[in-house]
DNA sequence: CGTGGCGTTGACGTTCATCAACAGAGGTGG
DNA sequence: CCACCTCTGTTGATGAACGTCAACGCCACG
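Chains as they are written, first to last, in full-length UniProt numbering: chain X, 1 to 278; chain S, 1 to 278.
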């Protein structure tokens, strides 16, 4: 396949992101100062590794620390009593597993790795400290969590009102834009290490049916897959197929008004710091 | 139907809730002081009314103020390009419409009324003020928003991996528990002003199919419906049918550890207030 | 007295699930 | 280095769950 060779070539030219993926993502919300970026880098510094196909957090556990995913892919999922599985979310670099859930008494779902991953554990204390002292980063993290919620809502729309072709097209588009937001694409090409079974468990379909639809997409020249590298050859067509509108990802940033508001908080905070002799 | 008469009788004995529904809900997270409750009552005091079947907020608008739903029922929904509709969430008394979304540039879905509603508009300022000064209420609101997110995830599980009977059973159970949490049930009986079409648009089904399943449930003696009053006659059976586990609603409250943490913040805050001469 | 929304029921069609079998890739132990 | 095995992808045959289309009754409302 000439096409495959071609997009591998493209992919190999993807520059390694210079900033950490969380920073990259948050920059879609609002500009961050050098100090903010430094702080985020420190936050992302500690490192822990997990192999593929293990649970980082299991259903029923008490949520403890928070993890920042730095590399690899993971998922939130739940097993049904009859052994079937529903994947709720894919986690990609720059995503936080459970910035919030530590408020809850016990996990209602599991988080498992899909590929080997590198994560930065973040303690509840440092996160709460951040919230108390850095309004702009807090707002950005909050925004990011709103974005995640919007993605959940979009999944509901997809599962409720799109057919198999629409669901798959929509999911490929969402993954493309999310990867773009953290600098992990080259044009419409990115690495997608999912099995067809995992896609099926995400979209409420069977692996067999996912296979048939993907075959169809390939034959129509909409996508190409090779060595887990996915090319969306006709993004427009795919988006049309799904009725996909990337608005729900809210990549356009905050309104000027909201941004000003958090800037003013930031200034107030700096004032506090000075008066406290910091 | 003797049964219908019976459950109407039951329903009429439901006492009017003394506390406002938001307070009732938040008490599931942690105890609140008298001052906290007073503050929540003030928050809920302003009033605005909307008739049934109108949009309170429409897709594409800039999210402005936040609303507390005090009475009636509303929904978040989205219209698809082909005219079909997906309902994402039902809002019942005690729910906040978009505590968070004001961080986003534009709404990616609409909020519409199902029945006439009474809401309390809350300004961004008073909400932010609360977050700055009342750690315990803030934590409770945050918890409530986590709970909403958990409900979204559960919907995804439902749409992805349950059949029509399971979905409907699950939705009835969820609505029962949510109403219970704000004191709007009497045993397994509560008022549910939804049409079958609305249920269908929530669960990714057609009104026709919802009708057939409900008929079946009625014939099996699982439920009874009369004048929009719903009785879950065999909750156990319904929950078994859906594989329903109310754990995801997190009604058990916060862990002792989390609660202590926010109590300590509260104390620190009171210290600040005193030293600032308030 | 019409009219429109909602619930209800029947006949029929389509999408997707289920079951089954096999091929290729990659990993592991002998 | 090869045999073996498991996981993933692939394809075909069959069936069930749910959607679509259509019609009618009921009730609230103007």
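A virtual CB, placed ideally from N, CA and C, is assigned to each residue, including glycine. Just so it is clear, the structure is predicted and the values come from calculations on it, not from any experiment.
Closer than 7 Å at the beta carbon, the chain X residues around residue i
{"i": "residue 196 of chain S", "result": "By Cβ distance, chain X contributes nothing, its closest Cβ being about 15 Å from residue 196 of chain S, past 7 Å."}
{"i": "residue 184 of chain S", "result": "The premise fails here: residue 184 of chain S is roughly 23 Å from chain X at the closest Cβ pair, so nothing lies under 7 Å."}
{"i": "residue 156 of chain S", "result": "86, 88, 152, 155, 156, 159"}
{"i": "residue 248 of chain S", "result": "108"}
{"i": "residue 252 of chain S", "result": "105"}
{"i": "residue 353 of chain S", "result": "Because residue 353 of chain S is not part of the residues shown, which for chain S are 1 to 278, the question remains open."}
{"i": "residue 57 of chain S", "result": "Here the premise fails: no neighbours, minimum Cβ distance about 14 Å."}
{"i": "residue 48 of chain S", "result": "Under the 7 Å cutoff, chain X gives no residues; its nearest Cβ is about 23 Å from residue 48 of chain S."}
Counterpart residues of residue i in DSSP-defined beta bridges
{"i": "residue 75 of chain X", "result": "X:90, X:112"}
{"i": "residue 48 of chain S", "result": "S:119"}
{"i": "residue 226 of chain S", "result": "S:229"}
{"i": "residue 57 of chain S", "result": "S:111"}
{"i": "residue 69 of chain X", "result": "X:119"}
{"i": "residue 285 of chain S", "result": "The requested residue 285 of chain S is not part of the displayed model; chain S covers only 1 to 278."}
{"i": "residue 96 of chain S", "result": "S:68"}
Expected contact under 8 Å - CB spacing of residue i and residue j to nearest Å
{"i": "residue 113 of chain S", "j": "residue 67 of chain S", "result": "Not really, about 11 Å apart at Cβ, beyond 8 Å."}
{"i": "residue 287 of chain X", "j": "residue 59 of chain X", "result": "The displayed coordinates of chain X run from 1 to 278. Any statement about residue 287 of chain X would go beyond what the structure contains."}
{"i": "residue 209 of chain X", "j": "residue 242 of chain X", "result": "The pair is not a contact, with the Cβ atoms about 16 Å apart (cut-off 8 Å)."}
{"i": "residue 152 of chain X", "j": "residue 146 of chain S", "result": "Contact flag wrong, Cβ pair sits at about 12 Å."}
{"i": "residue 223 of chain S", "j": "residue 232 of chain S", "result": "6 Å"}
{"i": "residue 25 of chain S", "j": "residue 94 of chain S", "result": "4 Å"}
{"i": "residue 185 of chain S", "j": "residue 176 of chain S", "result": "7 Å"}
{"i": "residue 250 of chain X", "j": "residue 234 of chain S", "result": "Actually they are not in contact, since the Cβ atoms of residue 250 of chain X and residue 234 of chain S sit about 43 Å apart, beyond 8 Å."}
{"i": "residue 201 of chain X", "j": "residue 78 of chain X", "result": "Not confirmed; about 10 Å, so no contact."}
{"i": "residue 154 of chain S", "j": "residue 248 of chain S", "result": "5 Å"}
{"i": "residue 92 of chain S", "j": "residue 178 of chain S", "result": "6 Å"}
{"i": "residue 156 of chain X", "j": "residue 97 of chain X", "result": "About 21 Å separates the two Cβ atoms, so there is no contact after all."}
Partners in chain X for residue i, counting only beta-carbon separations shorter than 8 Å
{"i": "residue 255 of chain S", "result": "62, 105"}
{"i": "residue 71 of chain S", "result": "Residues of chain X passing the Cβ test: none, with the nearest at roughly 25 Å."}
Contact list for residue i against chain S, beta-carbon separation under 9 Å
{"i": "residue 135 of chain X", "result": "The contacting residues do not exist; residue 135 of chain X stays about 10 Å from chain S at best."}
{"i": "residue 177 of chain X", "result": "Here the premise fails: no neighbours, minimum Cβ distance about 14 Å."}
{"i": "residue 210 of chain X", "result": "By Cβ distance, chain S contributes nothing, its closest Cβ being about 13 Å from residue 210 of chain X, past 9 Å."}
{"i": "residue 66 of chain X", "result": "Result: empty, since nearest Cβ-Cβ is about 13 Å, beyond 9 Å."}
{"i": "residue 213 of chain X", "result": "Within chain S, no residue comes near residue 213 of chain X; the closest Cβ sits about 16 Å away, beyond 9 Å."}
Residues that residue i contacts on chain S, provided the C-beta gap is smaller than 8 Å
{"i": "residue 119 of chain X", "result": "What residue 119 of chain X touches in chain S: nothing, since even the nearest Cβ is about 21 Å away."}
{"i": "residue 139 of chain X", "result": "103"}
{"i": "residue 243 of chain X", "result": "80, 81, 82"}
{"i": "residue 204 of chain X", "result": "159, 160, 161"}
{"i": "residue 174 of chain X", "result": "By Cβ distance, chain S contributes nothing, its closest Cβ being about 13 Å from residue 174 of chain X, past 8 Å."}
Neighbour list for residue i in chain X, Cβ cutoff strictly below 9 Å
{"i": "residue 266 of chain S", "result": "Within 9 Å Cβ-Cβ: nothing; residue 266 of chain S doesn't reach chain X, min ~14 Å."}
Proximal residues of chain S, C-beta to C-beta of residue i below 7 Å
{"i": "residue 54 of chain X", "result": "The contacting residues do not exist; residue 54 of chain X stays about 21 Å from chain S at best."}
{"i": "residue 189 of chain X", "result": "Correct list: empty, because the minimum Cβ distance to chain S is about 27 Å."}
inquiry  = With a threshold of 8 Å, are at least 3 pairs of Cβ atoms found where one atom belongs to the segment 189–198 of chain X and the other to the segment 23–43 of chain X?
reply    = The segment 189–198 of chain X vs the segment 23–43 of chain X: no contact.
Inset, instruction - Determine contact between the segment 157–165 of chain X and the segment 197–212 of chain S, defined as no fewer than three beta-carbon pairs at a distance below 8 Å. - result: Judged by Cβ distances under 8 Å, the segment 157–165 of chain X makes contact with the segment 197–212 of chain S, as three or more pairs qualify.
Check your understanding: Which residue spans inside the UniProt domain "HTH crp-type" (162–236) of chain S form an unbroken alpha helix (DSSP H) run of at least 4?
Key -> Taking 4 residues as the minimum length, the alpha helix (DSSP H) runs contained wholly in the UniProt domain "HTH crp-type" (162–236) of chain S are 164–181, 196–203, 207–219, in order along the chain.
Notebook entry, point to check: Any chance the segment 111–129 of chain X sits against the segment 42–57 of chain X, with 3 or more Cβ pairs inside 8 Å?
Noted result: yes
Between the segment 62–81 of chain S and the segment 163–174 of chain S, can you find at least three pairs of beta-carbon atoms closer than 8 Å? no
Checklist entry - Three or more beta-carbon pairs under 8 Å between the segment 226–242 of chain S and the segment 171–182 of chain S, yes or no? => result yes
#### Entry: Complete alpha helix (DSSP H) runs within the segment 121–151 of chain X (minimum length 4 residues, chain order)
Runs found: 124–133.
Original post:
With a cut-off of 8 Å, do at least 3 Cβ pairs link the segment 134–150 of chain X to the segment 69–81 of chain X?
Top reply: These segments do not touch.
With a cut-off of 8 Å, do at least 3 Cβ pairs link the segment 39–46 of chain X to the segment 19–27 of chain X?
They touch, by the three-pair rule.
Review point. Is the segment 212–220 of chain S touching the segment 244–258 of chain S in the sense that three or more CB pairs, one from each, lie closer than 8 Å?
Key: no
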